[in-house]
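One line per chain: the protein sequences are B and C, in this order.
Residue 256 in this note's numbering sits at position 217 of the first sequence; the count goes up by one each step and never skips.
Residue 217 in this note's numbering sits at position 178 of the second sequence; the count goes up by one each step and never skips.
2 protein chains.
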Amino acid sequence: MIISKTTYEEQVISFIYNCLLKGELKPGDQIKENRLAIKLGISRAPIREALRELISNGIIEYRPRVGNFVMNLSPKDIVDSYITRGVLEGYAARDAIDNFSVYGINRLYKMTENMEELASSGKHIKLIDLGDKFHEMIFSRSGNKQLVGFTKKLSIKSHLMFFKYLAMLYSPSEIGERHKIIVDALKSGNAEQVEACIRNHYYETGTKIANLKETESK
Amino acid sequence: MIISKTTYEEQVISFIYNCLLKGELKPGDQIKENRLAIKLGISRAPIREALRELISNGIIEYRPRVGNFVMNLSPKDIVDSYITRGVLEGYAARDAIDNFSVYGINRLYKMTENMEELASSGKHIKLIDLGDKFHEMIFSRSGNKQLVGFTKKLSIKSHLMFFKYLAMLYSPSEIGERHKIIVDALKSGNAEQVEACIRNHYYETGTKIANLKETESK
DNA sequence: TATCTGCCGATTGTCGACAATACACTAACA
DNA sequence: TGTTAGTGTATTGTCGACAATCGGCAGATA
Numbered sequence: 040m041i042i043s044k045t046t047y048e049e050q051v052i053s054f055i056y057n058c059l060l061k062g063e064l065k066p067g068d069q070i071k072e073n074r075l076a077i078k079l080g081i082s083r084a085p086i087r088e089a090l091r092e093l094i095s096n097g098i099i100e101y102r103p104r105v106g107n108f109v110m111n112l113s114p115k116d117i118v119d120s121y122i123t124r125g126v127l128e129g130y131a132a133r134d135a136i137d138n139f140s141v142y143g144i145n146r147l148y149k150m151t152e153n154m155e156e157l158a159s160s161g162k163h164i165k166l167i168d169l170g171d172k173f174h175e176m177i178f179s180r181s182g183n184k185q186l187v188g189f190t191k192k193l194s195i196k197s198h199l200m201f202f203k204y205l206a207m208l209y210s211p212s213e214i215g216e217r218h219k220i221i222v223d224a225l226k227s228g229n230a231e232q233v234e235a236c237i238r239n240h241y242y243e244t245g246t247k248i249a250n251l252k253e254t255e256s257k
Numbered sequence: 040m041i042i043s044k045t046t047y048e049e050q051v052i053s054f055i056y057n058c059l060l061k062g063e064l065k066p067g068d069q070i071k072e073n074r075l076a077i078k079l080g081i082s083r084a085p086i087r088e089a090l091r092e093l094i095s096n097g098i099i100e101y102r103p104r105v106g107n108f109v110m111n112l113s114p115k116d117i118v119d120s121y122i123t124r125g126v127l128e129g130y131a132a133r134d135a136i137d138n139f140s141v142y143g144i145n146r147l148y149k150m151t152e153n154m155e156e157l158a159s160s161g162k163h164i165k166l167i168d169l170g171d172k173f174h175e176m177i178f179s180r181s182g183n184k185q186l187v188g189f190t191k192k193l194s195i196k197s198h199l200m201f202f203k204y205l206a207m208l209y210s211p212s213e214i215g216e217r218h219k220i221i222v223d224a225l226k227s228g229n230a231e232q233v234e235a236c237i238r239n240h241y242y243e244t245g246t247k248i249a250n251l252k253e254t255e256s257k
């Protein structure tokens, strides 16, 4: 058994995280420290620490002496986040390209097939989880902690912000295909190609979500 | 006059920042909240907020319930930070390549000449400032806030950690030359070349500093 | 001697209260 | 009517105290 020793702060982070996933907190909403403290039955100190953490992840926007607000990203901000993610993960994959075994590649390939199935059967949450795992398996192979750290931060950010869209942007076969392209690139061992195709992967999704958001707000 | 309404937190950040630059705080040192609070005549709350900020910048390492320590980077960590910086700034420059006017390019070129002079006359602090300004002028041209934000964080981190080495790694003419390569690439308008040469720029410096650190510790 | 156990001091984690201030509202004034 | 100054309220900023717990040390034990 793993003994976990959580502070209030960590639990508050999870709480806010879940509120965002459930849609109980929406972009632009203000998070009032006192209100949340009372709601959770704790003091403001750990709330503030948790908010700090979320601010550094770009999930909450903080205006001094005014308040903490759920980040409200413009379409351009969305594209920019995805582009940056692509740049980071693209390089991470390139950096790690020699660390992929045949077994590892096969495993990634099987995941793409699994994604397609999950998408077909409407299991959106599992699909998103698997997608996250797929990408994490790739960028985590890089031994560059700095790079991996930034990538993870962006991963959390986009997960939270666009959770609800991710599973419905592409058809099941498109989802499989898009990820198979990455696996093929990794298999080829061509560093340039790997980097380029991961960049493109995120650029496409970024622009799709941004367009969706834009039309939604009209 | 610029009216600055600073909180204690910001001032504490500056204070720690300066201690690091002056070498009064060294990698591995523990920063005790209470001690610092007494020293500055304030309470622990703003100290903790400031530490949070520095933690998120990768400047301070935090071990729960143990303490806050000035980050102690291994040679590999150093190289990794510089590589990541190169990846980010490289893409930022590539992204911004059409935003450079002839005037802007000329200004960058003059800065490289100025760097050479400052290096020759031993004005190390001004040299480093100018170097920072040079690179900031490049990556800030990108309109990608996410990208620029990460780049700035890394910029602060490396500035703090390696301030003392930066001015003595290269000869004055090397310093000029290294930066002129970047200006030339920007002038050429070749996106691939710009990205590659900025990556290389940081990779070189990263490995140099890492080697210096390694031999130093023996 | 080597290892384990329990205590002690130092440091972080959390608390509730008060101070400072941004924003909205009101009222005076031109 | 539009503008400005003043006021009140809600929210963040800061405080000092107490609680929890980590790491080291001394002593017990084999």
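Where is the CB? At the ideal position from N, CA and C, for every residue including glycine.
Owing to the predicted nature of the structure, the values given are computational and were not obtained by experimental measurement.
>> The alpha helix (DSSP H) that contains Val187(B), what's its start and end?
In response: The residue labelled residue 187(B) in the question sits at position 148 within the first sequence. Residues Lys184 to Leu205.
> What are the residues of the region 178 to 207 of chain B that lie near chain C, defined by any Cβ-Cβ distance shorter than 7 Å?
Replying inline: Asn183, Lys184, Gln185, Leu186 and Phe189
> Opposite Asn107(C) in the DSSP bridges: which residues?
Replying inline: Counted from its first residue, the second sequence places residue 107(C) at position 68. According to DSSP, Asn107(C) bridges with Ile70(C) and Tyr101(C).
> From Asp116(B) to Ala135(C), what distance separates their C-alpha atoms?
Replying inline: Reading the first sequence from its first residue, position 77 is the one you call residue 116(B). Reading the second sequence from its first residue, position 96 is the one you call residue 135(C). Roughly 16 Å separates the two Cα atoms.
>> So, for Glu88(B): in the same chain, excluding its five sequence neighbours on each side, which residues have a beta-carbon less than 6 Å away from its beta-carbon?
In response: The count along the first sequence starts at 1 and reaches residue 88(B) at position 49. Within the same chain, Glu88(B) has close Cβ partners Glu48.
> Apart from the five residues just before and just after Ser197(B), which ones in its own chain have a Cβ nearer than 8 Å to its Cβ?
Replying inline: Position 158 of the first sequence, counted from the first residue, corresponds to residue 197(B). Within the same chain, Ser197(B) has close Cβ partners Ser120, Tyr121 and Arg124.
>> So the candidates are Leu205(C), Thr190(C) and Ser179(C); which of them puts its Cα closest to the Cα of Gly170(C)?
In response: Position 131 of the second sequence, counted from the first residue, corresponds to residue 170(C). Gly170(C) has its Cα closest to that of Leu205(C), out of Leu205(C), Thr190(C) and Ser179(C).
>> Residues in the same chain with beta-carbon distance under 7 Å from Met154(B), minus the five sequence neighbours each way, listed in chain order, please.
In response: Walking along the first sequence from the start, residue 154(B) turns up at place 115. Contacts found: Leu166, Leu169, Gly170, Ile214, Gly215 and His218.
> In terms of residues, what are the limits of the alpha helix (DSSP H) holding Ser95(C)?
Replying inline: Position 56 of the second sequence, counting from 1, holds the residue named residue 95(C). From DSSP, the alpha helix (DSSP H) with Ser95(C) extends over Arg83 to Ser95.
> In whole angstroms, what is the alpha-carbon distance linking Ile77(B) and Gly80(C)?
Replying inline: As a working mapping, residue 77(B) is identified with position 38 in the first sequence. As a working mapping, residue 80(C) is identified with position 41 in the second sequence. Between Ile77(B) and Gly80(C), the C-alpha separation is close to 31 Å.
> What does Ser95(C) touch in chain B if you count any residue whose Cβ is under 9 Å from its own?
Replying inline: As a position in the second sequence, residue 95(C) is number 56, starting the count at 1. Within chain B, the residues near Ser95(C) are Arg91, Glu92, Ile94, Ser95 and Asn96.
> Taking the alpha carbon of Leu60(B) as the point to measure from, which residue in Thr45(B), His174(B), Phe202(B) and Pro211(B) has its own alpha carbon closest?
Replying inline: The sequence position of residue 60(B) within the first sequence is 21, counting from 1. Looking at the Cα atoms, Phe202(B) is the closest of the given residues.
>> Am I right that Phe108(C) and Gln50(C) are in contact with their C-beta atoms under 8 Å? What's the rounded C-beta distance?
In response: Translated into the one-based positions of the second sequence, residue 108(C) becomes position 69. Translated into the one-based positions of the second sequence, residue 50(C) becomes position 11. In fact, because the Cβ distance is near 22 Å, the residues do not count as touching under 8 Å.
> Apart from the five residues just before and just after Asn57(B), which ones in its own chain have a Cβ nearer than 7 Å to its Cβ?
Replying inline: Position 18 of the first sequence, counted from the first residue, corresponds to residue 57(B). Once the five neighbours on either side are set aside, Asn57(B) has no close Cβ partner at all.
>> Assuming Thr254(C) and Leu208(C) are in contact, meaning their beta carbons sit under 8 Å apart, how far apart are those beta carbons, in whole angstroms?
In response: Position 215 of the second sequence holds residue 254(C). Position 169 of the second sequence holds residue 208(C). Wrong, their Cβ atoms sit about 13 Å apart, outside the cutoff.
>> Taking the straight line between their C-alpha atoms, what separation do you get for Leu112(B) and Val233(B)?
In response: Start at 1 with the first residue of the first sequence, and residue 112(B) comes out as number 73. Start at 1 with the first residue of the first sequence, and residue 233(B) comes out as number 194. If you take the alpha carbons of Leu112(B) and Val233(B), they lie about 29 Å apart.
>> By the DSSP assignment, the alpha helix (DSSP H) with Lys226(B) in it spans what residues?
In response: Against the first sequence, residue 226(B) aligns to sequence position 187. From DSSP, the alpha helix (DSSP H) with Lys226(B) extends over Pro211 to Ser227.
> Hey, is Ser120(B)'s beta-carbon within less than 8 Å of any beta-carbon in chain C?
Replying inline: Your numbering for residue 120(B) matches position 81 in the first sequence. Yes, Ser120(B) lies at the interface with chain C (some Cβ there is under 8 Å from its Cβ).
>> Against Tyr130(C), what residues of chain B qualify as contacts under a CB-to-CB distance less than 7 Å, listed in chain order?
In response: To locate residue 130(C), count along the second sequence from 1; it is residue 91. Chain B residues near Tyr130(C): Val126.
>> With a threshold of 8 Å on Cβ separation, who are the neighbours of Lys172(C) within its own chain once the five nearest residues in sequence on each side are excluded?
In response: Here residue 172(C) is taken as the residue at index 133 of the second sequence, counted from 1. Answer for Lys172(C): Met150, listed in chain order.
>> Between Ile98(B), Pro211(B) and Tyr101(B), which has its C-alpha nearest Lys162(B)'s C-alpha?
In response: Within the first sequence, numbered from 1, the residue matching residue 162(B) stands at position 123. Measuring from the Cα of Lys162(B), the nearest candidate turns out to be Pro211(B).
> Leaving out five residues before and five after Ile237(B) in sequence, what residues of the same chain have Cβ atoms less than 7 Å from its Cβ?
Replying inline: Here the question's residue 237(B) lines up with position 198 in the first sequence. Gly125, Glu128, Gly129, Ala132 and Ile221, listed in sequence order.
>> Going by DSSP, what residue range makes up the alpha helix (DSSP H) through Ala249(B)?
In response: Mapped onto the first sequence, residue 249(B) falls at position 210. That run of the alpha helix (DSSP H) goes Ala230 to Glu255.
>> Using a 10 Å radius around the Cβ and a threshold of 16 neighbouring Cβ atoms, would you call Ile248(C) buried or exposed?
In response: Within the second sequence, the letter at position 209 stands for residue 248(C). With 16 or more other Cβ atoms within 10 Å, it is buried.
> Any C-beta of chain C sitting closer than 8 Å to the C-beta of Asp116(B)?
Replying inline: Start at 1 with the first residue of the first sequence, and residue 116(B) comes out as number 77. So, interface residue.
> For Val105(B), is the classification buried or exposed, using 16 other Cβ atoms within 10 angstroms of its Cβ as the cut-off for buried?
Replying inline: Along the first sequence, one-based indexing puts residue 105(B) at 66. Burial call: exposed.
> Taking Cβ-Cβ distances shorter than 9 Å, what residues in chain C pair up with Pro85(B)?
Replying inline: By one-based count along the first sequence, residue 85(B) stands at place 46. Residues of chain C passing the Cβ test: none, with the nearest at roughly 11 Å.
> Quick one: Cα of Asn250(B) to Cα of Pro114(B), how far?
Replying inline: As a first step, residue 250(B) is located in the first sequence; it is residue number 211 there, counting from the start. As a first step, residue 114(B) is located in the first sequence; it is residue number 75 there, counting from the start. Going by the C-alpha atoms only, they are around 7 Å apart.
> For the candidate residues Met200(C), Ile177(C), Val141(C) and Glu152(C), whose alpha-carbon lies nearest to that of Gly62(C)?
Replying inline: Here residue 62(C) is taken as the residue at index 23 of the second sequence, counted from 1. Measuring from the Cα of Gly62(C), the nearest candidate turns out to be Met200(C).
> Buried or exposed: Asn138(B), going by 16 or more other Cβ atoms within 10 Å of its Cβ?
Replying inline: In the first sequence, the residue the question calls residue 138(B) occupies position 99. With fewer than 16 Cβ atoms within 10 Å of its Cβ, Asn138(B) is classed as exposed.
>> Pop quiz: Met176(B) and Leu147(B) are said to be a contact at Cβ under 8 Å. What is the actual Cβ separation, rounded to whole angstroms?
In response: For this step, residue 176(B) is matched to residue 137 along the first sequence. For this step, residue 147(B) is matched to residue 108 along the first sequence. Sure, about 6 Å apart at Cβ, within 8 Å.
> With a cut-off of 8 Å, does the C-beta of Thr46(C) fall near any C-beta of chain B?
Replying inline: Residue mapping note: residue 46(C) aligns to position 7 of the second sequence, counting from 1. Thr46(C) counts as touching chain B.
> Any beta-carbon of chain B closer than 8 Å to the one on Ala103(C)?
Replying inline: As a first step, residue 103(C) must be located in the second sequence, where it is residue number 64. A small correction: the amino acid at residue 103(C) is Pro; Ala does not occupy that position in the sequence shown. Output row for Pro103(C): interface = yes.
> In terms of residues, what are the limits of the alpha helix (DSSP H) holding Thr151(C)?
Replying inline: Within the second sequence, numbered from 1, the residue matching residue 151(C) stands at position 112. Note, Thr151(C): alpha helix (DSSP H), Val141 to Ser159.
>> Does chain C have any CB closer than 8 Å to the CB of Thr151(B)?
In response: For this step, residue 151(B) is matched to residue 112 along the first sequence. It does not: the Cβ of Thr151(B) has no partner Cβ on chain C nearer than 8 Å.
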